[in-house]
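Notes follow the structure.
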Amino acid sequence: MVIKLNPIISTEGLTHVYSEGTPFEHVAIENIDFAAYPGEYLGIIGHTGSGKSTFIQHLNGLLKPTSGVVKLDGEDIHSSKKFTRQVRFQVGLVFQYPEYQLFEETVYKDIAFGPKNMKLSDAEIDKRVRTAAELVGISEDMLEKSPFNLSGGQKRRVAIAGVMAMQPKVLILDEPTAGLDPEGREEIIENINNYRKVTGTTVIMVSHSMEEIAKSVDRLFVFHDGNIDMRGTPSEVFSHSERLEEIGLTVPQVTKVAMRLRQMGLEPPRDIYTTEHLKAALLKLKGGEADA
Amino acid sequence: MSKIIKTENLVYSYQAPEGELPIRVLDGVDIEIESGTFVAVLGHNGSGKSTFAKHLNGILLPEGGTVYIEGMNTQDEKLILEIRRRIGMVFQNPDNQIVSNIVEEDVAFAPENLGYPSDDIRIRVDEALKVVGMYEYRDHAPHLLSGGQKQRIAIAGVLAMAPACVVFDEPTAMLDPKGRADVVNIIHKMRDMGTTVVLITHHMDETIDADRLVVMADGKVIMDGTPAEVFCHVEELRETRLDVPETVDILYELNKEGYDLDLKALSVEECAQEIYNHFN
Amino acid sequence: MLKDITMGQFFPGDSLVHRLDPRTKLIMVILYIAALFTAKSYVSYLVMAAFLIISVRISTIKFKMLFKGLKPLIIVIAFTAILNLFFTTGEHVIFEVWRIKLTWEGVRTAAFMLVRLVMLIMGTFLLTYTTSPISLTDGLERLLNPLKKIKVPVHELAMMMSIAMRFIPTLVEETDKIMSAQKARGADFETGSIFQRAKALLPVMVPLFISAFRRADELAIAMESRCYHGGEGRTRMNVLRMEKRDWITLLVGVLVLALVIVLNILGL
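First to last, the protein sequences are chains A, B and C.
Basically this note's numbering = 1-based index in the first sequence + 500.
Basically this note's numbering = 1-based index in the second sequence + 26.
Basically this note's numbering = 1-based index in the third sequence + 360.
Printed below as a string of structure tokens:
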């Protein structure tokens, strides 16, 4: 029996042209077909100017398509004004460097901003704020502090909690780890993984760090020049490492080592992107010899 | 070789909110940096590495200890311009370093402040822009450029002073991979031209090509050596919440399985060769 | 949206007007405004209009661009014209409703005021359209230099102005970004009363101010690191130099003003 799932969010023929009809006309994305299924964890990679940021701003209706449609649960998100506004809350979007949007006096109030705009009851807002804070590891005693007195990593997590508190069906994060040190990056990735586990929400993460994204996601979309250049599981995408480098994306160092080894004549598989992979592949190549 | 930078028991604390003790960010740092070398400083946020950088050109003055730049004490007010002319600084956010809305005017800012004659400034500006590969953009408005391009302008603005040493304080943290690669290439180029480079970063892969790697944690220098020497200490680094490059990681992991690979094979090429030698 | 404002924009070019020293252009604008406010008759307005048209032609700036620049100011212009229309006292009443009286004198003054304002704005725009902000501040700094003797911080003011101009596009872009981000959290900037809308801007203004302060702080450190220590001993890469064309232009400016004054005396 084949279970046929309906996509939770999808685009058909999505095209966006900036400054149409002026000398500055610029096609940012062209004819994009995309679908995310409930509970999926998706990654979008591409360099600056590949169209990935323009694309995600269509998913929650911040940008209007020049042509094509965006559908949430099968319904065109621009079918009515009321629905478009609903979509803002159902598709949560965390922008790059989200800590620069904090504005309230306390962490609590800032996280509550989204739920408040949803016109929820105070009790519901309170519940959501506390749940979201917990998900990103913001402790109770921090809730009454000013967000501006927190460390950089904490500010970012508060900002992310502010979107999580809207309990969107789809959570999109644009470069959530940009500018953080390795520890801060790891924490954020853990928060997101944890959030997925607890809520089962569909998550779309945009990044230009392959190392980071490849380890977590179910499927990857590679954006290049306003198109989706490749799509598939991380292994499928990484089996085309040469192509990734060709379009200006940096592949993980282990992938480079594996590529070099292949050139030298060893035969590790083509789809390596973590050290664990390479280690396992090398040990397998050697058979049981290492134990001897 | 002469020492361009020398710090002696450098101590610094930030003021904390009232009622709390000041936070000590530098706790006795002794470092000597030789002229013409490329030194990378690695540490996680809060390790004191940026505070250290700001002491090198007298933006911050030590609370205890001394900083000497070519023998000049940074606490001597009369010498501050001389020190800043020798030690250029490039910061994290390219937007917040650019003063003018024309690229070449911005690059001219430092030599103008130093009171050089107009013709001389013109030569310096053109040369600096060529080094960073932005000469064709000299009449552009910086806000229309990409982050990486802006950072290259900021570097040119420092190079126009012809400093003996450039300190980069997390110059790639806000850039995309392409921008990062460009900045790293410029850093290599500068080293080849004989400029001393101090690179403060938390990207391990940028430190691989340094002559020397200093690791900071909790305001102290905890490791100091060539990158290959430092990255061998995988466990120690992980204890201080830092990681090692993937090349070292794979060699280390294989060694756990009973192999005897040399962890000093840092670059992709060396690492692949090392694995090949053992697995072929 | 925010990016479409042409006010204060600079259109690079290589015309005579573009190449003039900014000081010349600044003085010309002052002379031009003085002449506009001296002009009282149709003839003198014709002279001024001719002068403006010729200058615009030489500059190769399109009239369309100048008119586009007027757009955001239409309300101010209309308001001034209407005030003049109804509050000018005069004998020749056209009609009178309740306390409102419309006179021929009012129509005449309003028409003159309208023409004067439009020409004034177009003239000043011609200056900003043809002069890069940096050379404009440079020119201003040099012109005001004598004021340093009476302790006016001329260099500091000019530096502030040029930094402000450098950061306007950055802050505009940032405002756009913050607005989008708050919209993504359901902020609504488009509906509600004026009061509600003003309140809705708080989540944009607070982060914008905080970021502006942070930028200012970082910029100050970056400037100090590049040996900035005030205007003392500072030299410039591009030095302003008055050429023959500048002196001739200034002479023309003085002549136009003189002509308008003479026309006034003659009562033409």
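Where a beta carbon is used, it is the ideal one built from N, C-alpha and C, also for glycine.
Source: prediction; values computed, not measured.
Secondary structure of residue 592 of chain A (DSSP, three-state): strand. Rounded to whole angstroms, the Cβ separation of residue 192 of chain B and residue 260 of chain B is 31 angstroms, and the two are not in contact under 8 angstroms. Between the region 760 to 776 of chain A and the region 692 to 708 of chain A, the count of Cβ pairs shorter than 8 angstroms is below three; the stretches do not touch. Rounded to whole angstroms, the gap between the alpha carbons of residue 512 of chain C and residue 564 of chain C is 35 angstroms. In the DSSP assignment, residue 467 of chain C falls within the alpha helix (DSSP H) that extends over 464 to 490. For residue 450 of chain C, no chain A residue has a Cβ inside 8 angstroms of its Cβ, as the nearest lies near 48 angstroms away. If you draw a straight line from the Cα of residue 535 of chain A to the Cα of residue 234 of chain B, it comes to about 40 angstroms. The C-beta of residue 664 of chain A comes no closer than 9 angstroms to any C-beta of chain C. Between residue 65 of chain B and residue 37 of chain B, the C-beta gap is not smaller than 9 angstroms, which leaves the two residues out of contact. Residues of chain C with a Cβ closer than 8 angstroms to the Cβ of residue 649 of chain A do not exist, since the nearest Cβ in that chain sits about 12 angstroms away. Of all residues in the region 753 to 764 of chain A, the ones placed with a Cβ closer than 8 angstroms to any Cβ belonging to chain B are 753, 754, 756, 757, 760, 761, 764, in chain order. At least one C-beta of chain B is nearer than 9 angstroms to the C-beta of residue 598 of chain C. Against chain B, a Cβ distance below 7 angstroms from residue 681 of chain A picks out 70, 71, 228. One finds 544 in chain C with Cβ atoms closer than 8 angstroms to the Cβ of residue 560 of chain A, taken in chain order. Just so you know, the alpha carbons of residue 386 of chain C and residue 186 of chain B end up roughly 32 angstroms apart.
For residue 519 of chain C, the enclosing alpha helix (DSSP H) stretches over residues 514 to 544. In the structure shown, residue 270 of chain B adopts coil according to DSSP, grouped into three states.
According to the DSSP assignment, residue 32 of chain B belongs to no alpha helix (DSSP H) but to the beta strand (DSSP E) extending over 29 to 40. Beta-bridge pairing by DSSP links residue 66 of chain B to B:225, B:239. Contact annotation: residue 277 of chain B and residue 288 of chain B have beta-carbon atoms nearer than 9 angstroms.
Chain C places no beta carbon closer than 9 angstroms to that of residue 254 of chain B, leaving this residue out of the contacts. For the C-beta of residue 617 of chain A, the chain C residues within less than 8 angstroms are, from N- to C-terminus, 545, 546, 547, 548. At a cut-off of 9 angstroms between C-beta atoms, residue 643 of chain A does not count as an interface residue with respect to chain C. The residues 192, 223, in chain order, have a CB closer than 7 angstroms to that of residue 216 of chain B in the same chain once the five nearest residues on each side in sequence are set aside. One thing to note: residue 470 of chain C has its Cβ no nearer than 9 angstroms to the Cβ of residue 505 of chain C.
Membership of residue 511 of chain A in the beta strand (DSSP E) is indicated by the continuous run 509 to 518. With a threshold of 9 angstroms between beta carbons, residue 294 of chain B makes contact with chain A.
In the three-state DSSP reduction, residue 396 of chain C falls in the helix class (H, G or I). When secondary structure is reduced to three states using DSSP, residue 47 of chain B falls in the coil class, being assigned neither helix nor strand. Identification of chain B residues near residue 589 of chain C by a Cβ-Cβ cut-off of 7 angstroms yields 107, 139, ordered along the chain.
Between residue 209 of chain B and residue 174 of chain B, the gap from beta carbon to beta carbon is short of 9 angstroms. Contacts with chain A (Cβ-Cβ distance below 9 angstroms) from the region 406 to 431 of chain C involve no residue at all. With contacts defined by Cβ atoms closer than 9 angstroms, residue 230 of chain B and residue 271 of chain B form a contacting pair. Taking one beta carbon from each stretch, the region 665 to 684 of chain A and the region 612 to 627 of chain A have 3 or more pairs nearer than 8 angstroms; the two touch.
Here residue 191 of chain B carries a strand assignment [DSSP, helix/strand/coil]. For residue 205 of chain B, the nearest CB of chain A lies under 9 angstroms from its own CB, placing it at the interface with that chain.
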